[in-house]
Each structure stands twice: as C-alpha cells, then as structure tokens.
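S.K.:
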Amino acid sequence: MNAPFMTHAMTQRTVRVGARTISFTEAGEGPVVLMPHGCGPGASGMSNYARNVGALACVHRVVVPDMPGYGKSTKGLDRGDPFGDLAASMLGMLDALRIERAHILGNSLGGACALRMAIERPAAVGRLVLMGPGGVDTTRGLPTPGLKRLLNY
1064 MNAPFMTHAM
1074 TQRTVRVGAR
1084 TISFTEAGEG
1094 PVVLMPHGCG
1104 PGASGMSNYA
1114 RNVGALACVH
1124 RVVVPDMPGY
1134 GKSTKGLDRG
1144 DPFGDLAASM
1154 LGMLDALRIE
1164 RAHILGNSLG
1174 GACALRMAIE
1184 RPAAVGRLVL
1194 MGPGGVDTTR
1204 GLPTPGLKRL
1214 LNY
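In this note's numbering, the protein residues as written are 1064 to 1216.
#1: Under 8 Å between the Cβ atoms of Leu-1154 and Gly-1174?
#2: Checking 8 Å against the spacing of the C-beta atoms, do Ala-1177 and Pro-1094 come in under that value?
#3: Run through DSSP, which three-state label would Pro-1128 get?
#4: With the cut-off set at 8 Å, would you say Ile-1167 and Leu-1149 are in Cβ contact?
#5: Decide if Ala-1082 is buried, meaning its Cβ has at least 16 other Cβ atoms within 10 Å, or exposed.
#6: How big is the Cα-Cα spacing for Glu-1183 and Arg-1079?
#7: Check Ser-1086 in the structure and name its three-state DSSP category.
#8: How is Met-1073 classed by DSSP in three states: helix, strand or coil?
#9: One question on the structure: do Gly-1101 and Ser-1171 come within less than 8 Å of each other, judged by their Cβ atoms?
#10: Between Val-1122 and Glu-1089, which are expected to be in contact by the criterion C-beta below 8 Å, what is the C-beta distance as a whole number of angstroms?
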C-alpha cells in the first residue's frame, strides 16, 4: 500500500442526535464524504469501509458512522420507516457536526439511506454514490415485506 494512504490519523467520536448517540470515525480534511454502511451481522462503518478511508482522507474529510442499530451507536430503529429514520439520523449528525453539505457514498442499506437523504434534503447532498441499494423504491416510503424481515433479523 502506498505510504500517503497511511498518514491520516483516524479519530473516533460520538455525537448526540435526538435520543441517540451516533458513533463515527473520521479522518482527513477537505470536502466531506459521509459513508453510511450496509447491514448484516456485525456490520459497522469501519467493517464496511476500513480499506477505503486512508485513500479518501488524502483529499477529503471522511466521516464513517456506525448507523443507528449497528456498531457502537444506539440500538433501535423505526421499523415502519427505517430508511427515513436512518436518513433523519444521518442528517441530524451532519447538523450536529455543522456540516452543511456532504458527498455521500452509501453501501447497501447505507445506499438506501443516502438516497432518502437526497430526497429529504437535496441541499445537504453533493455527489451521491450508491453501491447496491437493493430494496429501494423511490416512489414508496416503506420497505418491501422481504426487506422488513431482513431489517428485523
């Protein structure tokens, strides 16, 4: 691996968003890249993105959250509208960090969250990269029955 990728210190912090504590890792300086992660047993921000942070931190401020219900963040999610709940938490995190606009790179569930963030508050979202945001239908606020079962796993 190229040495410059290893020079950016990563810090772990938390921020309060409503009743939740959101844990996140950040590194680098520059335009903000928010990286909401996918779901599954043991999922967290760094379990999804650890190998990407160093390269991106060379030119960006990288913010990698543990989304609500995952990692070190507060457990629990609105099962009736999980994408809306996650998007509200991520937008609240940006507000708490005084980040007006971020590029968002979302994987799987994080891609669905990123898309909902762009729908809810377009001015807060710069470029949008969605990696496999399966189960998302932009004309519907609720997930499919199959995706609800996965979210409740």
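By construction, the Cβ of each residue, glycine as well, lies at the ideal position given by its N, Cα and C atoms.
M.R.: For this structure:
#1: Numbered from its first residue, the sequence shown carries residue 1154 at position 91. Numbered from its first residue, the sequence shown carries residue 1174 at position 111. With contacts defined as CB atoms closer than 8 Å, Leu-1154 and Gly-1174 fail to qualify as a contacting pair.
#2: Here residue 1177 corresponds to residue number 114 of the sequence shown, with the count starting at 1. Here residue 1094 corresponds to residue number 31 of the sequence shown, with the count starting at 1. Pro-1094 is positioned such that its CB atom lies no closer than 8 Å to that of Ala-1177.
#3: The residue given as residue 1128 occupies position 65 in the sequence shown. It is a strand residue.
#4: Counted from its first residue, the sequence shown places residue 1167 at position 104. Counted from its first residue, the sequence shown places residue 1149 at position 86. Between Ile-1167 and Leu-1149, the CB-CB gap reaches or exceeds 8 Å.
#5: As a first step, residue 1082 must be located in the sequence shown, where it is residue number 19. Of the other Cβ atoms in all chains shown, fewer than 16 fall within 10 Å of the Cβ of Ala-1082; this residue is therefore exposed.
#6: Residue mapping note: residue 1183 aligns to position 120 of the sequence shown, counting from 1. Residue mapping note: residue 1079 aligns to position 16 of the sequence shown, counting from 1. Taking the straight line joining both Cα atoms gives about 20 Å.
#7: Counted from its first residue, the sequence shown places residue 1086 at position 23. Under the three-state reduction of DSSP, Ser-1086 is assigned to strand.
#8: As a working mapping, residue 1073 is identified with position 10 in the sequence shown. The three-state secondary structure of Met-1073, taken from DSSP, is coil.
#9: Within the sequence shown, numbered from 1, the residue matching residue 1101 stands at position 38. Within the sequence shown, numbered from 1, the residue matching residue 1171 stands at position 108. Yes, the Cβ-Cβ distance between Gly-1101 and Ser-1171 is below 8 Å.
#10: Residue numbering aside, residue 1122 sits at position 59 when the sequence shown is read from its first letter. Residue numbering aside, residue 1089 sits at position 26 when the sequence shown is read from its first letter. With a Cβ gap of about 14 Å, Val-1122 and Glu-1089 do not count as contacting.
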